[in-house]
Amino acid sequence: MSILGISGLVHDCSAALLSESGIVAAMEESKLVRTRATTGIPREAIRYCLERAGTGWSGVECVAVASRPVRAWAREAWLRTRLTPFAPVPSGYYQTKALGELGRELNNGRLLQSLGESTNLRVLHLEHHLCHAASAFYASAAGRAVVLTLDEQGDGRAGTVALGEDTRLRILQSISFPHSPAWIFSQVTDLIGFEPHADEHKTQWLGLEGEPVFEELFLGLLRGAAGKLPHLATSYFNWGLAGRIAFSSKFYRAVGVDPAVGKSAENGLPRPPIPQAIRKQLAASVQQACAKIAAELAERYRKQTGAKSLALAGGLFLNPVVVSYVEKNTGFDDVFIQPAAGNEGTALGAAWLVRHHMQGKPRQAPETQIAWGPAYSSQEIKQVLDNCKARYRFHVSKEQILEETIQLLVAGKIVGWFQGAAEFGPRALGNRSLLASPWASYVKENLNEYVKHREAFRPFAISVTSERATEFFDYTPPTHFMATLAFAKPEAVRLLQGFLLPGGRVRLHVVERAANSSLWRLLDRFGQFAPAPMLVNTSFNLFGEPLVVSPRDAVRSYFCSGIDALVIGNFSLKKS
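Written out as structure tokens, the structure reads:
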């Protein structure tokens, strides 16, 4: 029998199906319905998981949901009740809003019960951050590990420190909202002009272009002393912690901005314009402060527990800069990051938590790849291409498709690479990728201007075969999932000048042959024609859309952007 894991029903919803032998399927609802923001029951993701298993609802033992809505509402209500004497109007507004969210979640839980074929389908509601912790610990190879989770909030919590031992997880400490480094990161994202809860990745890369001159300010704002749990200094925020930006006039004065210059249209609170130089400094400072707090917290519990391994999950650890800092500034022998560290990963954690922690069943081997999404046959791909009246070539062997792709890459073309099953999580790891030669003329400019339509400061990843990676980079195992940064050796500095980040860092994707044989063979073969077996690798999607999943998604993205060629299964398309 299988366990169906579902992430929280508020945002970034996903589903994962776990059998006795491991993960059968996992996918985000957003990728299937083709929108960035999804809420409620992930119906399409559930449908896909059950279809891939081939058993339907009859094969589902129970449904594990990574949220406890009543407990979340109670914690939110307690916070707002304490704030009511200081800010009665905002507190009343958020109390009412929380009640509405509770009603929707309870109704979704009732509907979820009725989705299955059996009226007695067991639905378990589990702590959000415990599911985050499970998603990291049970996916790792560690038998005993400190598990640290940090995100904006889930079930009224901003983070958890846990200890994983074999099949058990034990919470050592919880961090209550609003004492959340990730929430502060989102506040700064909004302050410097990006979209909160969507553009935090822009803040992380912009931060590499600035100096962390306000690091001490953010450290003082976020925690009292090194190694202590995060705790906000309330004088830096308005009384109700309300509005899209909750910083007070004291904060603006501390960063050298006059709070009287601008007012927020939505609530009359200070929201002055931020000069570009200060935007970079704020991004760098909040990033450095969050990284330091995470590292100090992990190190404190390493010494307390004696654990030699660390596992990380939660939205804050989608930031490779933060992860890299934690790796370098803690004493753990190994650090594992859940590749789908955001809310979508809690679907995995919920299923694993039931299987291992609650049922006590032994763990499986750690995952080496996360291609748990839909895959398509040649016939299915051909039907889409014919329906679109596309001109294409069919290649009878993998060798032919490999040679065709090599010719395109050597000629400096940007190639859409659509092979195998879609990846679970936010990153393209070689199944739904855009690939290009790092030595092609104007490759960064072409990708940014004509395909991705994004800011020039955002870096591209470099994929390299594991056998040759040590020649060019100092790296750690999380680079297999693009979850951290590597450091370029002199030869890589010479070859990849345009792709290096400050400090000689690089966004790296190390490809193991066993994990992704198609991409590994392409890299290895390309290395015979190029200075090294490396390719630029970025996500295959249009601006503002999720990663492509189906052949139709791929063909649409190909024709609607500056991609030069598309290699999809055994078919190839080229623009004249």
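Following my numbering, the numbering of the sequence shown begins with 2 at its first residue and continues without gaps.
Ideal placement from N, C-alpha and C gives every residue a C-beta, glycine not left out.
What you are looking at is a predicted structure, and each value in this text was computed from that prediction instead of being measured.
Report yes if the C-beta distance between Pro547 and Ser141 is below 8 Å; otherwise report no.
Sequence index remark: in the sequence shown, residue 547 carries index 546 (1-based). Sequence index remark: in the sequence shown, residue 141 carries index 140 (1-based). Not in contact: Pro547 and Ser141 (Cβ atoms no closer than 8 Å).
Can you name the start and end residues of the alpha helix (DSSP H) that Ser136 belongs to?
Taking the first residue of the sequence shown as position 1, residue 136 is located at position 135. Looking at the DSSP string, the run of the alpha helix (DSSP H) that includes Ser136 is 129-138.
Taking 8 Å as the threshold (C-beta atoms), are Tyr139 and His357 in contact?
Here residue 357 is taken as the residue at index 356 of the sequence shown, counted from 1. Here residue 139 is taken as the residue at index 138 of the sequence shown, counted from 1. Taking 8 Å as the Cβ cut-off, His357 and Tyr139 qualify as a contacting pair.
Quick one, are the C-beta atoms of Cys561 and Leu536 less than 8 Å apart?
Counting from one through the sequence shown, the residue named residue 561 turns up at place 560. Counting from one through the sequence shown, the residue named residue 536 turns up at place 535. No. Outside cutoff.
Can you list, in chain order, the stretches of the alpha helix (DSSP H) that have 4 or more residues and sit fully within the stretch 304-367?
321-329, 347-353
If you follow the beta strand (DSSP E) that Gly221 is in, where does it begin and where does it stop?
The sequence position of residue 221 within the sequence shown is 220, counting from 1. Segment 216-223 is the alpha helix (DSSP H) holding Gly221; no beta strand (DSSP E) there.
Nearest-angstrom Cα distance between Leu448 and Val214?
Indexing the sequence shown from 1 puts residue 448 at position 447. Indexing the sequence shown from 1 puts residue 214 at position 213. Each residue's CA atom was taken as its position, placing Leu448 and Val214 some 32 Å apart.
On a CA-only basis, which of Val355, Glu166, Lys229 is nearest Thr612? Give me that one, please.
The question about residue 612 has no answer here: the residues shown for the chain are numbered 2 through 577.
Could you give the distance in angstroms between the alpha-carbon of Ala285 and the alpha-carbon of Pro491?
Residue mapping note: residue 285 aligns to position 284 of the sequence shown, counting from 1. Residue mapping note: residue 491 aligns to position 490 of the sequence shown, counting from 1. A direct Cα-to-Cα measurement between Ala285 and Pro491 gives close to 26 Å.
Is Lys399 helix, strand or coil when you go by DSSP?
Numbered from 1 along the sequence shown, position 398 holds the residue referred to as residue 399. Note: Lys399 maps to helix in three-state DSSP.
What did DSSP end up calling Gln282 once you bin it into helix, strand or coil?
In the sequence shown, the residue the question calls residue 282 occupies position 281. Correct three-state label for Gln282: helix.
Contact check, Val4 vs Val355 under 8 Å by CB: the rounded distance?
Position 3 of the sequence shown, counting from 1, holds the residue named residue 4. Position 354 of the sequence shown, counting from 1, holds the residue named residue 355. According to the sequence shown, residue 4 is Ile rather than Val. The C-beta distance from Ile4 to Val355 rounds to 5 Å, short enough to meet the 8 Å contact threshold.
Would you call the stretch 177-197 and the stretch 271-282 in contact, with 3 or more CB pairs under 8 Å?
yes
Tell me which same chain residues have a C-beta within less than 6 Å of the C-beta of Leu51, skipping the five on either side of it?
Here residue 51 corresponds to residue number 50 of the sequence shown, with the count starting at 1. Excluding positions up to five away in sequence, the list reads Gly57.
Sorted by chain position, which residues of the same chain lie with C-beta nearer than 7 Å to Glu328's C-beta, five sequence neighbours on each side aside?
As a position in the sequence shown, residue 328 is number 327, starting the count at 1. Contacts found: Val336, Thr477, Thr485.
Tell me, which residues are paired with Ala163 by DSSP?
For the purposes of this step, residue 163 is taken as residue 162 along the sequence shown, with counting starting at 1. Val148, Ile172, per the DSSP bridge assignment.
Report yes or no: do the stretch 151-160 and the stretch 365-379 share at least 3 C-beta pairs separated by less than 8 Å?
no
So, does the stretch 124-137 touch the stretch 62-74, judging by three or more C-beta pairs under 8 Å?
yes
In angstroms with no decimal places, state the Cα-to-Cα distance between Arg105 and Pro70.
Numbered from 1 along the sequence shown, position 104 holds the residue referred to as residue 105. Numbered from 1 along the sequence shown, position 69 holds the residue referred to as residue 70. Whole-angstrom Cα-Cα distance: 10 Å.
Taking contact to mean at least 3 C-beta pairs separated by less than 8 Å, is the stretch 423-430 in contact with the stretch 449-459?
no
Whole angstroms is fine: what's the gap from Glu446's alpha carbon to Pro439's?
Here residue 446 is taken as the residue at index 445 of the sequence shown, counted from 1. Here residue 439 is taken as the residue at index 438 of the sequence shown, counted from 1. Cα to Cα, Glu446 sits roughly 12 Å from Pro439.
Throw me the rounded Cβ distance for the Leu430 and Asn320 pair, which I believe falls under 8 Å.
Residue 430 sits at position 429 when you count from the first residue of the sequence shown. Residue 320 sits at position 319 when you count from the first residue of the sequence shown. The pair is not a contact, with the Cβ atoms about 18 Å apart (cut-off 8 Å).
Helix, strand or coil for Ala266 per DSSP?
Translated into the one-based positions of the sequence shown, residue 266 becomes position 265. With a pLDDT of only 41 at Ala266, under the threshold of 50, the placement of this residue in the model should not be trusted, and no figure is reported.
For the alpha helix (DSSP H) that Trp184 lies in, which residues bound it at each end?
The residue given as residue 184 occupies position 183 in the sequence shown. Run containing Trp184: 182-192, per the alpha helix (DSSP H) assignment.
What residues in its chain sit with their C-beta under 6 Å from that of Ser519, if we drop five residues either side in the sequence?
Taking the sequence shown and counting its residues from 1, one reaches residue 519 at position 518. Once the five neighbours on either side are set aside, the close Cβ partners of Ser519 are Gln420.
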